[in-house]
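Engineer: What follows is a structure written as structure tokens; I'll ask about it next.
Chains as they are written, first to last, in this note's numbering: chain A, 229 to 514; chain B, 418 to 1203.
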């Protein structure tokens, strides 16, 4: 059975759909958003990291390493006493994932929650996901997919019947600006959104509000107009927060938005007003 | 809250607890004059009468509910017949950094000249320590277990609804009828019963007398009162005190005053554990409220004001001072009154009413240290009720705590209570299950489970006290399998529980003989019917508990041994013990390996959780069903108060990577920091314990405010609670507070004098906690992610 590349599983997730959820973060993403909160999720490959904050400098990892280039033997991870050595990205069978998701099924039932597949970009692993999603559906587990929408239509078509909710990002309305911010254009994203709407999918549109990058009145207005055209009456607004910076430092990845300030209450209010003017209600966060 | 309540609250909050020698002096005077004249129950009842007859009275400005144990709010009585404090004790109380009690020169002088010369050598505390076996003492001093009754009396109970239908006069009539029925020809206990009855009647008269004195005092104050409004109030107070507790209350005001006199009487008679508690207050008060509303004598605001005045009275009464090991295991001013809100009524139906919601408002507005409160949650209660409670919880006072009523009832049924009695019962103290008004459910002491493993690993020797406390279960090198080691642990467990129970039997029988509680006996069914004292098996149910501490620590320690010694064979048991004895010095790699490469409790990982179940089963089987001296049985509880810190402080390092003298795990929570999979995993692990076989478990979780900042977050928390309870759990409580705030509070205590946090089954002021406990609360995993 083909395995899924998972880089984190977060139980008691409360920001990725309704109720109490388990969020499975799948590794690998075709986008490279400047504000990405999970920069370690972009790469499709596994990698062994050192978390310097936990390292006690015992040198055990150096002593067991038999190769100049990491061949993912994972001996260092197994022996590191302080958990400073960590494997980013684990190949997991759908069966194991199902077992982990199922552990919290009573919580989902009591809170109308479920499981969310996030990323990375989960649609990149649709083929590996489809049987798992089927099984979850059969067992009454509510499934959400948190996606950028940047995927082949087949990747969506393959799983659309087994997904209860789509968390779908619109990051910028302008194609070239979208490419500048995320590395890819938005044409495919909007086409796929229309496809999902045709299929009658349940969709939560999410808009990350990043000061100076996508918070112009024009951009917000255009997004609102698009939603009007698509008959979508609600949007989740996710204000930028700078916590991503810490993770970039930890994984030794350059952070392009260093020093960018979080949006003020006033800035958020402005954005909300524009959406409201277009009869679109706004929920902050979530 | 209105101006009146604000004033009363402020006085109660800002007055520092101080020792009052009044009660000690009165009881000493009485005993000096009467020693040897009467049988013990009558002696105690007459002494109680003497106190009620002569104690000073206090009616504070604006008070609506009256009665203080001491001369004024925060004047704390002492009980030299239980614990005769030495001058040194008093000096320590006066000057200690945490939970001091001010002691003035006059108190010292009364103690020096009157109290100590009479009671020294006669107190229960001295009698217990003189008569108990050396082995018990060695174990006690080594931190193997604690002893609740070494300086406070058994109490551990709460009131049911009987005092709202009947006055003390009616109880006196009951006693007279029983006296008439006494058969001195064929009942060999008839004379003993008659003595009990006489004592009970004297104690009833004592409490009625105290109330009448208050009535007269209120009338006198009314006469000289200039404010017309207050004059009317004082006259009503006088009427109330003439009515209750002698007669049944007629309205809500009198109902609250009724309870308060009963409470006052119980905590004046003896220094009983957990003070006393009104039990299901909302259900008791609601009929009066409804009637008063219909008759137009009260409105919602008025009812709230009465409840708030009532609330403040509890806070006026800090726990009597504790010293020695008891101060370590329970270092707080909190006397553990715990008011039950919600749950089911006696027919098993949804018991939430308008007073339940009103009480949540009162708790929110008053938020003083005392009284504690909890919500009882049944599957029959609405989510709305839980959400209203979460709105209070999220302010971060540490209360209300949350109980699974359906499980609480099931626990009582399992212990043999009738369904009616079980439904009228609930929680008192921290998390203890009991049949209110009908049961003495006595906590006798904490048992240090990880210490038993420590001694097992040293073949019976306590490596800290260097005494052979245990029995020779074999050098560790001889254990070929994990199972053999566990068998040795079970043998040691039995040994220590034998010692503890033997000690308990002595203490129980001493209280039965030397320290009866005639007034408590009046109000606890079936003491009157049986003609027996509360401390001698009089109640309908008589339960003795031993409380297990450190389940998380011992689980992880056994799991570490199983994983690294027996499964992976990466270290020998001898090498491990050497490292422990050296407190992991120069061996951080081993310590971290044990800590990080071991399946640990709290992660929904069966490999660890099965070990928890194994320890729980062993503890349960060893204690459950043993007979106490009162015709009742032993059961277990899983709670620590602050004892996990004390127990940890006198232990060496442990196999889970814990360094010497660091705290043990708390309640049934995982070891601090061991849980890596979030709150649902903690809850799943904790729910694998068979809660129904206990009389209470305690699960503490800290929660970031951000998680409950909107209605979605609140709903999610309801889901979390409902799930835990659906899995058969007993209790959960939340500390909703930012880490940053706690750091700041530790640095700048003056800024945070009223910051309440959940400790272990009760709330306490953060700045009053010792540094290790402050650090522990900070380090308890904060579950918020954003």
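Yeah, the Cβ is synthetic: ideal placement off N, Cα and C, and Gly gets one too.
I want to know whether the stretch 265-280 of chain A touches the stretch 317-334 of chain A - three or more CB-CB distances under 8 Å.
Structural biologist: Judged by Cβ distances under 8 Å, the stretch 265-280 of chain A makes contact with the stretch 317-334 of chain A, as three or more pairs qualify.
Engineer: Pull up the distance between the alpha-carbon of residue 432/A and that of residue 1113/B, whole angstroms please.
Structural biologist: Rounded to whole angstroms, residue 432/A to residue 1113/B spans 43 Å at the Cα level.
Engineer: Specify, as a first and last residue, the run of the beta strand (DSSP E) that residue 344/A falls within.
Structural biologist: Unbroken beta strand (DSSP E) run through residue 344/A: 342-346.
Engineer: What first and last residue would you give for the alpha helix (DSSP H) that runs through residue 1130/B?
Structural biologist: It spans 1128-1143 - the alpha helix (DSSP H) in which residue 1130/B sits, taken as one unbroken run.
Engineer: Using only CA atoms, which one of 509/B, 1196/B, 648/B and 943/B lies nearest to residue 617/B?
Structural biologist: Ranking the options by Cα distance to residue 617/B, first place goes to 943/B.
Engineer: Taking the DSSP output, what are the residues bridged to residue 440/B?
Structural biologist: Note: residue 440/B sits in no beta bridge, so no partner.
Engineer: Taking the straight line between their C-alpha atoms, what separation do you get for residue 791/B and residue 693/B?
Structural biologist: One C-alpha to the other measures close to 15 Å.
Engineer: Out of 556/B, 595/B and 1140/B, state which residue places its alpha-carbon closest to the alpha-carbon of residue 910/B.
Structural biologist: Among 556/B, 595/B and 1140/B, the Cα nearest to that of residue 910/B is on 556/B.
Engineer: Give me the Cα-Cα distance between residue 550/B and residue 730/B, rounded to the nearest whole angstrom.
Structural biologist: So the alpha carbons of these two residues sit roughly 41 Å apart.
Engineer: Would you mind reading off the limits of the beta strand (DSSP E) that contains residue 791/B?
Structural biologist: 789-794 is the extent of the beta strand (DSSP E) around residue 791/B.
Engineer: For the stretch 378-399 of chain A, enumerate the residues whose C-beta is nearer than 9 Å to any C-beta of chain B, in chain order.
Structural biologist: Within the stretch 378-399 of chain A, no residue has a Cβ that lies closer than 9 Å to any Cβ of chain B.
Engineer: The beta strand (DSSP E) that contains residue 851/B, what's its start and end?
Structural biologist: Taken as a continuous stretch (DSSP letters only), the beta strand (DSSP E) holding residue 851/B covers 849-851.
Engineer: Does DSSP put residue 719/B in a helix, a strand or coil?
Structural biologist: Three-state result, residue 719/B: helix.
Engineer: Compare the Cα-Cα distances from residue 309/A to each of 983/B, 1191/B, 1007/B and 785/B and report the closest residue.
Structural biologist: Ranking 983/B, 1191/B, 1007/B and 785/B by Cα distance to residue 309/A puts 1007/B first.
Engineer: Tell me, which residues are paired with residue 570/B by DSSP?
Structural biologist: Paired residues: 689/B.
Engineer: Taking Cβ to Cβ, would you say residue 1085/B is nearer than 8 Å to residue 1134/B?
Structural biologist: Their beta carbons are not under 8 Å apart, which means residue 1085/B does not touch residue 1134/B by this criterion.
Engineer: Within 10 Å of its beta-carbon, does residue 385/A have 16 or more other beta-carbons around it, so buried, or fewer, so exposed?
Structural biologist: The residue is exposed, with fewer than 16 neighbouring Cβ atoms inside 10 Å.
Engineer: Is there contact here, the stretch 733-750 of chain B with the stretch 758-771 of chain B, by at least three beta-carbon pairs under 8 Å?
Structural biologist: Contact between the stretch 733-750 of chain B and the stretch 758-771 of chain B is absent, because fewer than three Cβ pairs lie under 8 Å.
Engineer: Which stretch, first to last residue, makes up the alpha helix (DSSP H) that contains residue 703/B?
Structural biologist: Element bounds for residue 703/B: 698-712.
Engineer: Which of the three DSSP states is assigned to residue 856/B in this structure?
Structural biologist: Reduced to three states, the DSSP call for residue 856/B is strand.
Engineer: From which residue to which residue does the beta strand (DSSP E) around residue 541/B run?
Structural biologist: Here residue 541/B belongs to no beta strand (DSSP E); instead the alpha helix (DSSP H) covers 541-548.
Engineer: Would you call the stretch 472-481 of chain B in contact with the stretch 418-427 of chain B, where contact means no fewer than 3 C-beta pairs closer than 8 Å?
Structural biologist: As far as the Cβ criterion goes, the stretch 472-481 of chain B touches the stretch 418-427 of chain B, which means the pair count is three or higher.
Engineer: Is the Cβ-Cβ distance between residue 745/B and residue 1063/B less than 8 Å?
Structural biologist: Yes. Within cutoff.
Engineer: Could you check the C-alpha separation between residue 249/A and residue 371/A for me, to the nearest Å?
Structural biologist: Each residue's Cα considered, the two are about 9 Å apart.
Engineer: Report the residue from 855/B, 765/B and 780/B whose alpha carbon sits nearest the alpha carbon of residue 755/B.
Structural biologist: Of the listed residues, the one whose Cα sits closest to residue 755/B is 780/B.
Engineer: Could you spell out where the beta strand (DSSP E) holding residue 235/A opens and where it closes?
Structural biologist: Start and end: 232-241.
Engineer: Enumerate in chain order the residues of its own chain whose CB-to-CB distance from residue 1201/B is below 6 Å, with the five nearest sequence positions on each side excluded.
Structural biologist: For residue 1201/B, the pLDDT reaches just 41, beneath the cut-off of 50, and the residue's location in the model is therefore unreliable, although a value from the coordinates is still provided. If we look at residue 1201/B and ignore the five residues flanking it on each side, its Cβ neighbours are 1121, 1123 and 1124.
Engineer: Can you look up residue 263/A in the DSSP assignment and give me helix, strand or coil?
Structural biologist: Looking at residue 263/A - three-state DSSP - the assignment turns out to be coil, as it is neither helix nor strand.
Engineer: Run down chain A in chain order and give the residues with a C-beta less than 8 Å from the C-beta of residue 1021/B.
Structural biologist: By Cβ distance, chain A contributes 331.
Engineer: Looking at the C-beta of residue 341/A, does it have a partner C-beta in chain B at a distance below 8 Å?
Structural biologist: Closer than 8 Å to some Cβ of chain B, the Cβ of residue 341/A qualifies, so yes.
Engineer: Would you grab the beta carbon distance between residue 526/B and residue 500/B for me? Rounded to a whole angstrom, and I think it's under 8 Å.
Structural biologist: Actually they do not touch by this definition, with Cβ atoms about 19 Å apart.
Engineer: Please say whether residue 282/A and residue 1095/B have beta carbons closer to each other than 8 Å?
Structural biologist: No, they are not a contact pair.
Engineer: Does chain B have any CB closer than 8 Å to the CB of residue 286/A?
Structural biologist: With 8 Å as the cut-off, residue 286/A counts as an interface residue toward chain B.
Engineer: Within the continuous beta strand (DSSP E) that includes residue 1052/B, where are the two ends?
Structural biologist: Looking at the DSSP string, the run of the beta strand (DSSP E) that includes residue 1052/B is 1050-1055.
Engineer: Return helix, strand or coil for residue 843/B, following the three-state DSSP convention.
Structural biologist: Note: residue 843/B maps to strand in three-state DSSP.
Engineer: When the Cα of residue 758/B is compared with those of 533/B, 697/B and 650/B, which residue comes out closest?
Structural biologist: For the residues 533/B, 697/B and 650/B, the minimum Cα distance to residue 758/B belongs to 697/B.
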